[in-house]
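Step one of this worksheet: look at the structure below.
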Amino acid sequence: IGCDIMKIAVAGTGYVGLVTAVCLAEKGHNVTCVDINQDKIDLMKQGISPIYEQGLQDLMLKNKESLIYTSDYVEAYKNAEVIFIGVGTPENKSGSANLEFVNEVAIQIAHTIEENCVIVVKSTVPVGTNDKIEQLIIENLKNDVSISVVSNPEFLSQGTAIKDTLYAKRMVLGVESKHAEMIMKKVYDPFNIPYVVTDRRSAEMIKYASNDFLALKISYINEIANLCEIVDANIEDVVQGMGMDPRIGGQFLNAGIGYGGSCFPKDTKALHWLANFNDYEIKTIKATIEVNENQKIKLIKKARKYYDSFNNLEVAILGLTFKPGTDDLREAPSLVNIPILLEDGANVRVWDPVGADNFRKNFSTQVRYCQSIEEAITNADLCFIFTEWPEVKQFDISNYSKLMNCPIVIDGRNCYSLESAEEAGIVYDSIGRKK
Ligand code: UGA
Numbered sequence: 006i007g008c009d010i011m012k013i014a015v016a017g018t019g020y021v022g023l024v025t026a027v028c029l030a031e032k033g034h035n036v037t038c039v040d041i042n043q044d045k046i047d048l049m050k051q052g053i054s055p056i057y058e059q060g061l062q063d064l065m066l067k068n069k070e071s072l073i074y075t076s077d078y079v080e081a082y083k084n085a086e087v088i089f090i091g092v093g094t095p096e097n098k099s100g101s102a103n104l105e106f107v108n109e110v111a112i113q114i115a116h117t118i119e120e121n122c123v124i125v126v127k128s129t130v131p132v133g134t135n136d137k138i139e140q141l142i143i144e145n146l147k148n149d150v151s152i153s154v155v156s157n158p159e160f161l162s163q164g165t166a167i168k169d170t171l172y173a174k175r176m177v178l179g180v181e182s183k184h185a186e187m188i189m190k191k192v193y194d195p196f197n198i199p200y201v202v203t204d205r206r207s208a209e210m211i212k213y214a215s216n217d218f219l220a221l222k223i224s225y226i227n228e229i230a231n232l233c234e235i236v237d238a239n240i241e242d243v244v245q246g247m248g249m250d251p252r253i254g255g256q257f258l259n260a261g262i263g264y265g266g267s268c269f270p271k272d273t274k275a276l277h278w279l280a281n282f283n284d285y286e287i288k289t290i291k292a293t294i295e296v297n298e299n300q301k302i303k304l305i306k307k308a309r310k311y312y313d314s315f316n317n318l319e320v321a322i323l324g325l326t327f328k329p330g331t332d333d334l335r336e337a338p339s340l341v342n343i344p345i346l347l348e349d350g351a352n353v354r355v356w357d358p359v360g361a362d363n364f365r366k367n368f369s370t371q372v373r374y375c376q377s378i379e380e381a382i383t384n385a386d387l388c389f390i391f392t393e394w395p396e397v398k399q400f401d402i403s404n405y406s407k408l409m410n411c412p413i414v415i416d417g418r419n420c421y422s423l424e425s426a427e428e429a430g431i432v433y434d435s436i437g438r439k440k
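Okay, so the sequence shown: first residue is 6 according to full-length UniProt numbering, each after it adds one.
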């Protein structure tokens, strides 16, 4: 059976919006990407992805016939059968989610659509928001059309976003009508992914509950790792033993210096806020957040065992981004740690294969940017590893003792085995392992 080609618009060309759009085009649909940022639109029109994401640019080029990029939302929305909302929901000061951009798009949709339409919310929004969006659109409709809003949360990870979307483990559809469910299945049947069909509020909750559970898993294993250090156990062996129990599962049990990125920090705080707002305290998530904040500065605490002060020390930083495979720095441990080092008088040199440009926007001249790991560590008194880039993991560990002034390597991502560190003759302090 051939698939129904749908006319789709996607609002927002960040990770969620652009990846969704490109994958929908890959499955045969006609997709118009809308963004208010004209610079981004111009780049995409030239076939250039405004974000670093493996495979994205290739897929943009491959499907260029079925992808349109525009800042003219009127053109994009007026005859669309389905409109996806994939704009950001950053964190408010209170920890709640900022819905300004989502609401703005909703009003634009209401003002422009000329055909019956299904509006799909991909952005992560607090439980109950989809109901409000539907209300907002209905109240502002300019034409006599009928709409329904569907909650369709996104589960992609940065770095593996294309694969996560094309081969997702589940497709959650929060619908309030059979018609909306039928349209969504027309959109997604070509993906051949198992559906979870539920109401909108449960769909919204599935997203938070999933992300926060993963964050909880990380904070939990980080605490176990901290205890391993105290009682002389080895976190990697502990995780191996735990992970073979399918009820636990081996994934997302890498101990380190905490989770960062645009999702876990924001989504844990948003759920905590939502609970508080409803006079409930979600204790596990409160603890998850607290543990993560401490974990982020763990390496500095470790380093103080070797140096009372960092004043005038040459300090090398390997990895700036919140995880490998992305140029994203949001909530990255590097952003908390580097200011502490600078404040203390350290001379900081940094290396990151793709994150340096984004970092430069925050710290400009205060650090030295290096083109290679060798350059960063040469004559350094101390080296911190914040991101487990493959280049770091594959780096010949004997170089630290050859090139550093004083070979102290403090590794927040357990990139090397203890044996290799011992062989290389370096002082190697990592997470949850014996020294
Ligand atoms: C996360 C979720 O994994 C996605 O399923 C979700 O769709 C996405 O948020 C979102 O809400 O949009 P992402 O933020 O891209 O994806 O990154 P992850 O790979 O989940 O990593 C998050 C952080 O946790 C990173 O800082 C990583 O270093 C850390 N982490 C991850 C650990 O410290 N240990 C682990 O075992 C795994």
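Each residue gets a CB set at the ideal place from its N, CA and C atoms; glycine is no exception. Keep in mind that this is a model prediction, so the values were computed, not measured.
How far does the alpha helix (DSSP H) with residue i in it extend, from its first residue to its last?
| i | result |
| --- | --- |
| Gly246 | 240-248 |
| Val296 | 288-301 |
| Lys67 | 61-67 |
| Asn35 | Asn35 -> not in any alpha helix (DSSP H); beta strand (DSSP E) instead, spanning 35-39. |
| Leu258 | No alpha helix (DSSP H) holds Leu258; DSSP gives it neither H nor E. |
| Ile46 | 43-50 |
| residue 445 | Nothing about residue 445 can be read from this structure; the chain reaches only from 6 to 440. |
Residues in the same chain with beta-carbon distance under 6 Å from residue i, minus the five sequence neighbours each way, listed in chain order, please.
| i | result |
| --- | --- |
| Ile381 | Residue 381 is actually Ala in this sequence, not Ile. Correct list, in chain order: Ala321, Arg354, Trp356, Cys375. |
| Lys212 | Thr129, Pro158 |
| Ile138 | Ala111, Val154 |
| Leu219 | Phe257 |
| Cys38 | Val15, Thr18, Ala26, Tyr74 |
| Tyr421 | Ile402 |
| Gln300 | Asn227, Ile262, Gly263 |
| Ile113 | The amino acid occupying residue 113 in the given sequence is Gln; Ile does not appear at that position. Excluding sequence neighbours, Gln113 sits near Tyr78. |
| residue 5 | Residue 5 lies beyond the range of the chain shown here (6 to 440); nothing can be said about it. |
| Ala260 | Ile226, Asn227, Ala230, Ile240, Ile436, Gly437 |
Assuming residue i is part of the beta strand (DSSP E), what are its boundary residues?
| i | result |
| --- | --- |
| Gly22 | Taken as a continuous stretch (DSSP letters only), Gly22 belongs to no beta strand (DSSP E), being part of the alpha helix (DSSP H) at 20-31. |
| Val236 | That residue, Val236, is in no beta strand (DSSP E); its alpha helix (DSSP H) goes 205-236. |
| Val432 | 432-434 |
| residue 469 | Residue 469 is absent from the model: the chain starts at 6 and stops at 440. |
| Arg354 | 352-356 |
| Lys12 | 12-16 |
Identify, in the order they occur along the chain, each residue of the same chain with its Cβ nearer than 7 Å to the Cβ of residue i, setting aside the five sequence neighbours on each side.
| i | result |
| --- | --- |
| Ile6 | Because Ile6 sits at a pLDDT of 48, beneath the cut-off of 50, its placement in the model cannot be relied upon, and the point is left open. |
| Asp169 | Phe160, Leu161, Ser162 |
| residue 441 | Not covered by the structure: residue 441. The range shown for the chain is 6 to 440. |
| Glu234 | Gly437 |
| Thr289 | Leu221 |
| Lys291 | His277 |
Under a three-way DSSP split, which group does residue i fall into?
| i | result |
| --- | --- |
| Ala111 | helix |
| Ile6 | Because the pLDDT at Ile6 is just 48, under 50, the model does not fix this residue reliably, and the value given afterwards should be weighed accordingly. It is coil, neither helix nor strand. |
| Asp194 | helix |
| Arg373 | strand |
| Ala426 | helix |
| Thr383 | coil |
| Trp394 | coil |
| Asp272 | helix |
| Asp416 | strand |
| Ile73 | strand |
| Tyr405 | helix |
| Ile56 | coil |
Once you ignore the five residues that flank residue i on each side, which residues in its own chain have a CB closer than 8 Å to its CB?
| i | result |
| --- | --- |
| Ile345 | Ile302, Ile305 |
| Lys307 | Ile415, Asp434 |
| Tyr312 | Leu318, Asp386, Leu387 |
| Ser76 | Val39, Asp40, Ile41, Asn42, Gln43, Ile46 |
| Val24 | Glu58, Leu61, Leu161, Ala166, Ile167, Thr170 |
| Gly255 | Val244, Gln245, Met247, Gly248, Met249 |
Using 8 Å for Cβ pairs, my map puts residue i next to residue j. What's the rounded Cβ distance?
| i | j | result |
| --- | --- | --- |
| Ile56 | His34 | Actually they are not in contact, since the Cβ atoms of Ile56 and His34 sit about 21 Å apart, beyond 8 Å. |
| Ser162 | Glu209 | Going by Cβ atoms, the distance from Ser162 to Glu209 rounds to 20 Å, so no, they are not a contact pair. |
| Lys12 | Asn84 | 6 Å |
| Gly91 | Lys50 | Not really, about 19 Å apart at Cβ, beyond 8 Å. |
| Val36 | Leu64 | That belief does not hold up - the Cβ atoms of Val36 and Leu64 are roughly 12 Å apart, past 8 Å. |
| Cys268 | Asn216 | 6 Å |
| Asp179 | Asn135 | Residue 179 is actually Gly in this sequence, not Asp. About 7 Å separates the two Cβ atoms, so the contact holds. |
| residue 442 | Ala361 | With the chain covering 6 to 440 only, the question about residue 442 has no answer from this structure. |
I want to check one thing, is the minimum distance from the CB of residue i to the heavy atoms of ligand 2 below 8 Å?
| i | result |
| --- | --- |
| Asp242 | Ligand 2 is not part of this structure, which contains only ligand 1. |
Original post:
Which parts of the segment 135-180 are runs of the alpha helix (DSSP H), unbroken and 4 residues or longer, counting only runs that do not cross its ends?
Top reply: When DSSP assignments are scanned along the segment 135-180, the uninterrupted stretches of alpha helix (DSSP H) that are 4 or more residues long and fall wholly within it turn out to be 166-171.
Subject >> Every unbroken beta strand (DSSP E) within the segment 306-343, with a cutoff of 3 residues, ordered by chain >> reply: Listed in chain order, the beta strand (DSSP E) elements of length 3 or more contained wholly in the segment 306-343 are 319-323.
Original post:
What are the complete beta strand (DSSP E) segments, minimum 3 residues, inside the segment 76-130?
Top reply: 87-90, 122-126, all fully within the segment 76-130.
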